[in-house]
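Enquirer: Quick one: this structure, given as structure tokens, is what I'll be asking you about.
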Amino acid sequence: MPFVLPSQLLSAALKEHDLVPSVVPADFTPSVALDVVFPGRKSFSVGEKLTKEEASQEPQIAFLNVEDIGPDEPSSYTIVFVDPDAPSRQDQKFGQWRHWVQPGLRPPSIQALASLAGGATSDVDIKISEATAQPFATKEKEAATPWRGPGPNPGSGTHRYTFLLFREPKSSDFVIDAQEDLGGGNEFEQRRKWNAMEFAAKKGLTLVGVTFFTVDG
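If you're matching positions, the sequence shown starts at 1 in the UniProt record's numbering and goes up one per residue.
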């Protein structure tokens with residue numbers, strides 16, 4: 001049996017669930033392994049079915065980009081969480097529904113990782129994903145869209161809840177404004193009919209990682 005890379009499994013799952021090209025560009029190739037861990041449980045596998053209760057609280061994010069391994073400070077990242085199936089997959093008039101936009105994610109520095117690998121005590125409090133042994137990223141900024149967990153309407157079928165991780169441009173003045181950059185505020189109705197990739201193009205973000213799970217309404 002030929003060896004299958006995790007990136008190939010991800011690409012196959014995205015196509016199987018028709019997330020390409022509706023949410024994820026057809027030419028996307030992941031450059032990071034994205035691990036999302038909800039409180040009270042280990043990380044989910046790509047496309048795994050969860051309950052809305054299991055995914056109700058804001059998760060921790062773990063990833064490592066080899067391009068960040070070097071003497072310079074690692075890049076910062078924005079993670080986005082959307083539901084393209086609002087109010088249902090058959091009627092997506094409100095999709096993508098914007099559940100979370102968190103800029104300013106920063107993976108641990110190479111120095112911190114070296115200290116961790118060597119068993120030395122580091123000044124940085126590094127928390128580790130038990131599922132992948134990857135360090136969790138830290139948040140350096142407030143959420144541009146505060147977390148709101150899945151809440152599919154009863155009888156609305158399966159929803160494909162998708163996380164997209166973007167590398168931010170290395171600019172000291174990079175900010176995300178809810179009104180200007182997200183097409184409105186963060187009230188329930190204002191999160192409707194959004195597009196993550198259009199937002200990314202506007203802000204100069206580069207898509208590097210994707211994962212998703214499903215919840216039945």
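Every residue, glycine too, gets a C-beta built ideally from N, C-alpha and C.
(1) Can you give the beta carbon distance from Phe199 to Phe81, rounded, assuming they're within the 8 Å contact cut?
(2) Starting from Ile61, follow its DSSP beta bridges and name the residues at the other end.
(3) Measure how close the beta-carbons of Pro150 and Asp83 come, nearest whole angstrom, since I'm counting them as under 8 Å.
(4) Applying the criterion that 16 or more other CB atoms from any shown protein chain within 10 Å of the CB defines a buried residue, is Ala201 buried or exposed?
(5) Using the beta-carbon count (16 or more within 10 Å), is Gln8 buried or exposed?
(6) Relative to the alpha-carbon of Pro74, which residue among Ala13, Gln57 and Ser171 has its alpha-carbon at the smallest distance?
(7) With C-beta atoms as the reference, is Phe212 less than 8 Å away from Arg160?
(8) Please state whether DSSP places Leu10 in a helix, a strand or coil.
(9) Taking the C-alpha atoms as reference points, what is the distance between Arg167 and Gln60?
(10) How far does the beta strand (DSSP E) with Gln179 in it extend, from its first residue to its last?
(11) According to the neighbour-count rule (16 or more other Cβ atoms, all chains shown, within 10 Å of its Cβ), is Val175 buried or exposed?
(12) Tell me the rounded alpha-carbon separation between Gly217 and Glu48.
(13) How far does the beta strand (DSSP E) with Phe44 in it extend, from its first residue to its last?
(14) Below 8 Å on the Cβ atoms is my contact criterion, and I expect Val208 with Leu165 to pass it. Report the Cβ-Cβ distance as a whole number of Å.
(15) Would you tell me roughly how many angstroms separate the C-alpha atoms of Ala26 and Trp97, rounded to the nearest one?
Expert: Walking through what the data contain:
(1) Phe199 to Phe81, Cβ: 13 Å. No contact.
(2) Val36
(3) Contact annotation, Pro150 with Asp83: C-beta distance approximately 7 Å; criterion of less than 8 Å satisfied.
(4) exposed
(5) exposed
(6) Ser171
(7) yes
(8) helix
(9) 17 Å
(10) Where Gln179 is concerned, there is no enclosing beta strand (DSSP E), although the alpha helix (DSSP H) it sits in stretches over Ala178 to Asp181.
(11) exposed
(12) 15 Å
(13) No beta strand (DSSP E) contains Phe44, which DSSP labels as neither H nor E.
(14) 6 Å
(15) 21 Å
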